[in-house]
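Mapping the sequence shown onto this note's numbering, position 35 (from 1) lands on 59, and the numbers just tick up by one.
Beta carbons: idealized from backbone N, C-alpha and C, even for Gly.
Step one of this worksheet: look at the structure below.
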Amino acid sequence: MPKYSILIKGIGAYAPERVVTNDDLSKIVETSDEWIVSRSGIRERHIARPNEATSDMALIACQRAIQNAGMKPEDIDLLIVGTTTPDYVCPSTASVLQRKLGLRNIACMDLNAACSGFIYGLNVATNMLRGGIYRTALVVGAEKITNIVDWTDRTTCVLFGDGAGAVVVTKEILPEITGVLGSSLGTDGSNGNLLMVPGGGTAMPFSEEVLQKHDHFLKMNGKEVFKVAVRVMQQACEELLKRFNITPEQLGLLIPHQANIRIVEAIIERMKLPREKCFVNLDRYGNTSAASIPLALNEAYERGMIKSGDYVLMVAFGAGFTWGANLIKWQ
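Laid out in structure tokens, this is it:
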């Protein structure tokens, strides 16, 4: 089998127009800008309109990624959408997005790995392209996470925002392997109850009791999530770097899941990375779940923080618990 390089040819992102600041939230729940910033680093977040679905945000991000790649929608033959907040239980958001993009007869799927969804999706696309059947993939992370947030719970509602990001990836035979080098993925289902939406599925179907208890909203044990997130994200990064014989000093940029500044700071301290090698934009977006990594990747690229030949390490952690990292030699 040919040894393909899997290259990111285009990036696109979208955040809803409506911006909600910490001061805005202080009018809804008992909180303050100081309280939120000191505990999370978040100052504002983007909130989708009531009639703005996950696929609507994904559509704009995809159109921008395809344009950025200098391609047309018909060039895409594989579409993967990482999301925890699909438009419908059925059909998949990927198939809805396929129709909106005007694509025909291509492979489409949703992938639910929570906040790790884009990391998982990029790994799946990479391996499907290397398998030889597919040529060009569109990998999306998109979330309307505020739909499953309890706006009476100040411990969670202050953390999340909506958005979407997408990349176009293609395969080429080059003198040496470059682009997406590899991934490190993991899951620990024994801790799933620490971060979950308990109601609304087949285990706890919608009922009057579910609605009264707000069990159709996100529940999180923040302290326990923090401890696990830091440990496994660090492990995923170190395992992946070791596999490709790359030291932290050789990294051009680390793009971590934008969930909480304390988690980010703990990871870069443990990896002994200088702060300038870590990209952070959570202060303006909050935690956008599966959209977090592609939103950050797009902004870092637009700022000129990624150069050809740089090693870029992306790492995320989410409900499940899931976690994963992608290592890219930028081309």
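For the set Leu218, Lys33, Lys124, the Cα lying nearest the Cα of Ile84 is the one of Lys124. A Cβ-Cβ distance of about 5 Å is found for the pair Cys86 and Ala190, placing them in contact under the 8 Å criterion. Annotation for Leu121: the continuous alpha helix (DSSP H) segment containing it runs 117-125. Non-local C-beta neighbours of Leu218 in its own chain, meaning closer than 6 Å and more than five positions away in sequence, comprise Asn245, Glu248, Val249, ordered along the chain. Within a 10 Å sphere around the beta-carbon of Ala314 sit 16 or more other beta-carbons, which makes this residue buried. Contact between Leu321 and Gly203 fails: their C-beta atoms lie close to 14 Å from each other, not under 8 Å. For Lys353, the uninterrupted beta strand (DSSP E) segment begins and ends at 346-353. Scanning the region 105-176 for uninterrupted alpha helix (DSSP H) segments of 4 residues or longer gives 117-125, 141-154, listed from N- to C-terminal end.
The C-beta separation of Val182 from Ile104 comes to about 30 Å, leaving the pair out of contact by the 8 Å criterion. For Pro272, the CB contacts under 7 Å within the same chain, skipping 5 residues up- and downstream, are Leu265, Met295, Lys296, Leu297 in chain order. Phe250 carries a helical assignment under DSSP once its states are collapsed to helix, strand and coil. For the set Ala131, Ala290, Leu146, Ile130, the Cα lying nearest the Cα of Ala137 is the one of Leu146. Per the C-alpha coordinates, the member of Asp186, Gly155, Asn171, Ala343 positioned closest to Met81 is Asp186.
Closest by C-alpha distance to Tyr112, out of Glu233, Val252, Leu337, Gly225, is Gly225. With 16 or more other Cβ atoms from the protein chains shown falling within 10 Å of its own Cβ, Arg69 counts as buried. The alpha-carbon of Trp175 is positioned some 20 Å away from that of Ser231. Looking at the backbone, the Cα of Ala283 and that of Val256 are separated by about 15 Å. Between Ala188 and Ala166, the beta carbon gap of about 4 Å places them in contact (Cβ cut-off 8 Å). Runs of the beta strand (DSSP E) lying entirely within the region 268-327 and spanning at least 3 residues, in chain order: 275-280. The DSSP-derived three-state label of Thr202 is coil. Per DSSP, reduced to three states, the secondary structure at Gly185 is coil, with no helix or strand assignment. By the neighbour-count criterion, in which a residue is buried when 16 or more other Cβ atoms sit within 10 angstroms of its Cβ, Pro110 is buried.
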